[in-house]
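Residue numbers (the numbering used here), protein chains in the order written: chain A, 100 to 525; chain B, 33 to 437.
What follows is the structure, given as structure tokens:
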């Protein structure tokens with residue numbers, strides 16, 4: 100009897116996946132050439148990239164970096180970039196008309212800036228938060244110069260106020276409101292009556308000062324960063340308060356907040372800047388005249404605070420009503436429940452919107468060139484009007500665009516990192 | 033057993049105004065209101081004092097005075113003898129023109145880029161995200177100034193078109209001339225009989241709408257969808273085209289031509305207008321692309337899968353299932369981007385385009401010295417536009433919101 104049955108004893112190893120499905124070829128097939136239409140799109144894209152790079156690479160690679168004028172560049176080789184304008188004018192693009200011997204001051208300010216935002220951005224380093232509190236005063240002193248005590252006195256005043264508040268609470272009264280009001284009164288009295296004497300005395304005892312630099316000298320990327328960062332820092336808390344006011348059930352406060360937000364959001368920033376530069380003198384007591392950069396910062400801050408308020412209101416509206424009710428039933432007061440329950444969640448939802456507002460604010464700082472402050476865009480026109488660089492174009496604009504791109508793109512990447520990190524659900 | 037005594041009612045104390053939750057809200061509001069009114073009166077008082085010091089009064093009479101300046105781009109008749117009010121109106125129309133054209137192109141471009149970014153083609157998706165990030169992360173003012181410089185400095189002067197062997201040639205069969213003084217397009221000329229042409233065009237559109245409605249009704253009743261696409265296109269094109277040749281070509285194009293050192297005839301779009309519109313459209317399109325992408329991604333995958341399991345084809349899934357739901361998410365932020373574009377058009381001053389900020393808030397303000405009044409009117413105009421647009425958004429939200437049972 101012949102054996103017809105056949106039993107496979109050992110397992111046949113799986114054959115490798117077809118070469119068209121795995122590896123580079125598989126990836127190419129799936130992502131670039133999956134259908135005739137996709138193939139067409141891919142070829143079109145490759146052609147497009149080729150056209151751009153074909154001109155761009157020789158242009159940028161062979162660029163001149165050390166000529167004296169555009170004329171000289173064109174004489175050497177008109178087909179390549181003339182980056183010499185950046186070599187010649189980079190200081191102006193970064194610092195504006197800031198005195199050359201003082202360039203170290205903005206530089207130090209921005210290096211310190213990095214150290215001061217690290218504790219805020221990365222909770223791991225939160226123990227260095229004290230530096231973030233000191234930093235604003237330090238930055239103001241470094242940039243504008245003058246005596247260190249002019250800024251220091253503000254810190255001294257507020258520290259004394261906080262000290263008084265704590266002492267009152269510990270020893271005399273348990274009522275937060277009374278302690279708060281009396282320490283605020285103390286701070287106000289301190290600034291009205293004592294601060295000037297104290298500054299004078301301190302100036303004599305420990306004279307530390309830098310040569311003062313006026314606001315109109317500031318420009319370039321320094322100005323953008325000053326306006327942008329101050330605006331970002333100040334608009335965030337104001338935005339939160341406005342959003343809370345708009346959600347509040349106190350009709351008068353709600354009306355004021357709604358009116359403010361809708362008005363600011365309804366007009367272009369440029370009109371507000373014109374108000375700052377032309378009209379503000381009408382609204383203040385006769386003879387007042389304060390720093391134009393400060394005015395711009397105030398307007399930019401108010402502008403983005405209104406947008407911020409709407410973004411945060413969106414976050415607040417996204418929370419279920421149960422969160423409010425639950426925190427109230429736990430016996431939390433309004434501010435406690437906002438601080439511990441509502442805001443952490445609402446802010447988390449609105450991170451993308453908040454960062455978008457920040458990015459918008461930073462880009463909007465270029466508008467100050469229209470009221471003739473010297474930000475990078477304004478400086479570009481100045482440089483292009485100069486005889487030596489008249490006609491320069493791509494090199495300058497691409498450089499300025501890149502500066503803004505790096506900052507804004509960095510911010511949006513950070514927001515995505517933050518979103519991933521704070522994600523509690525899957 | 034003795035019933036516990038009722039809690040002692042506290043007599044009213046002044047400090048309760050701040051610490052008792054029953055009164056705190058009210059007293060807080062009263063304080064806020066007093067501060068608000070005080071600040072308001074302080075500002076008004078300051079303004080009046082300052083105006084008195086400068087010897088000025090508040091009056092809007094300047095709107096009826098002779099303007100005395102020229103506006104080179106205008107949609108309505110205007111000369112330097114017209115009033116300031118008319119100049120402001122010319123400016124308003126110019127602003128609206130930029131806003132409409134800009135929104136139109138931004139929407140088309142944004143839809144295109146947003147959908148392509150979702151493409152499964154890796155290279156295309158990456159290119160589109162470079163486009164989006166590039167335009168979103170660079171200030172719009174820089175784009176405006178850049179494109180304006182590009183248009184004025186890198187295009188040939190009109191005289192370059194001159195001669196037997198010109199340095200520059202016109203595009204599209206000698207119809208469009210891109211010069212450093214602006215771009216010249218052919219202008220349509222409506223001859224006798226154009227009215228009938230227009231009428232037939234409108235009629236065919238009405239017929240197409242009727243066909244669509246009939247098809248929809250059929251679909252709802254029988255579930256069969258009729259082929260309407262080609263029928264509608266033919267209905268729109270054929271009768272009007274036939275009539276056009278029957279009457280004898282009543283509409284003709286007037287081509288721009290070189291005369292002396294400049295182009296004559298045709299529609300002349302100045303570089304300021306082109307640069308502003310182009311930059312705003314490109315910049316806003318990047319934002320719109322992201323909105324479109326987010327809207328489509330927000331529709332859960334289950335919808336696509338459910339539709340596919342019903343046997344619908346991919347393009348039907350897109351048209352019947354995804355888009356109607358995505359539109360609900362896309363439209364409100366889309367409209368608020370239109371508002372942003374309109375507000376950004378006030379950057380026209382950077383390229384010298386005469387929008388309402390350039391006329392009313394620029395030359396009129398400087399000539400008459402009426403800063404307060406001009407700025408008030410200017411802000412009033414922008415506020416009206418913004419309130420109008422936000423009421424459109426609210427209306428849309430009310431009528432298309434999913435009704436939750």
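The C-beta atom is built at its ideal place from N, Cα and C for all residues, glycine as well.
The structure displayed is predicted, hence computed values, not measured ones.
Inset, instruction - Indicate whether residue 322(B) and residue 87(B) have their beta-carbon atoms separated by less than 8 Å. - result: no
Legend entry - 4 or more residues per run - each alpha helix (DSSP H) lying fully within the segment 173 to 224 of chain A: 183 to 194, 203 to 220
Legend entry - Any chain B beta carbon closer than 8 Å to residue 508(A): yes
Inset, instruction - Mind checking who residue 246(A) pairs with in its DSSP beta bridge? - result: 308(A)
Legend entry - Closer than 8 Å to chain A by CB, residue 81(B): yes
Legend entry - Any chain A beta carbon closer than 8 Å to residue 46(B): no
Legend entry - Cβ-based contacts, 9 Å cut-off: residues of the segment 405 to 420 of chain A near chain B: none
Legend entry - chain B contacts made by the segment 132 to 159 of chain A, where a contact means CB separation under 8 Å: 133, 137, 140, 141, 144, 145, 147, 148
Inset, instruction - Would you mind sorting residue 181(A) into buried or exposed? The rule is 16 or more other CB atoms within 10 Å of its CB. - result: buried
Inset, instruction - Specify the secondary structure class of residue 298(B) as computed by DSSP and reduced to three states. - result: coil
Legend entry - Check whether residue 232(B) and residue 271(B) have beta carbons under 8 Å apart: yes
Inset, instruction - Alpha carbon to alpha carbon, how far is residue 262(B) from residue 148(B)? Give it in angstroms, no decimals. - result: 25 Å
Legend entry - Proximity test, Cβ basis, 8 Å: residue 499(A) and chain B: yes
Inset, instruction - Check each candidate in 355(B), 96(B), 237(B), 171(B) and name the one with the smallest Cα separation from residue 336(B). - result: 355(B)
Legend entry - beta strand (DSSP E) segment containing residue 214(B), residue limits: 214 to 217
Legend entry - residue 325(B) classed as buried or exposed, judged by whether at least 16 other C-beta atoms fall within 10 angstroms: buried
Inset, instruction - Examine the Cβ distances between the segment 295 to 315 of chain B and the segment 175 to 194 of chain B and report whether three or more of them are shorter than 8 Å. - result: yes
Legend entry - Within chain A, partners of residue 61(B) - CB distance below 7 Å: 349, 351, 352
Legend entry - Contacts of residue 265(A) in chain B (Cβ-Cβ under 7 Å): Within 7 Å Cβ-Cβ: nothing; residue 265(A) doesn't reach chain B, min ~20 Å.
Legend entry - Proximity test, Cβ basis, 8 Å: residue 285(B) and chain A: no
Inset, instruction - Have a look at 299(B), 295(B), 400(B) and flag the residue whose alpha-carbon is nearest the alpha-carbon of residue 285(B). - result: 299(B)
Inset, instruction - Taking only the alpha-carbon atoms, compute the straight-line gap between residue 268(B) and residue 283(B) and give it to the nearest angstrom. - result: 17 Å
Legend entry - Proximal residues of chain B, C-beta to C-beta of residue 401(A) below 8 Å: Going along chain B, no residue has its Cβ under 8 Å from residue 401(A), so there is no contact; the nearest lies around 14 Å.
Inset, instruction - Could you confirm whether any beta carbon from chain A is found closer than 8 Å to the beta carbon of residue 174(B)? - result: yes
Inset, instruction - Determine, using beta carbons only, whether residue 393(B) comes closer than 8 Å to chain A. - result: yes
Inset, instruction - Give me whichever residues DSSP pairs with residue 291(B) in a beta bridge. - result: 294(B)
Legend entry - Every unbroken beta strand (DSSP E) inside the segment 69 to 134 of chain B [3 residues or more]: none
Inset, instruction - Report the option in 406(B), 331(B), 344(B), 170(B) whose CA atom is closest to the CA atom of residue 318(B). - result: 170(B)
Legend entry - Backbone secondary structure at residue 283(B) - three-state DSSP: strand
Legend entry - Opposing strand residues paired with residue 210(B) [DSSP bridges]: 215(B)
Inset, instruction - Give the secondary structure of residue 482(B) by DSSP, where H, G and I count as helix, E and B as strand, and everything else as coil. - result: Residue numbering for chain B in the displayed model covers 33 to 437; residue 482(B) lies beyond these limits and cannot be assessed.
Inset, instruction - Pick helix, strand or coil for residue 160(B), following the three-state DSSP scheme. - result: helix
Legend entry - Nearest-angstrom Cα separation, counted from residue 454(A) out to residue 49(A): Nothing in the structure corresponds to residue 49(A), since chain A is present only between 100 and 525.
Inset, instruction - Starting from the beta carbon of residue 370(A), find every residue of chain B whose beta carbon is closer than 8 Å, and list them in chain order. - result: 378, 389, 393, 407, 410, 411, 414
Inset, instruction - Indicate whether residue 409(A) and residue 483(A) have their beta-carbon atoms separated by less than 8 Å. - result: no
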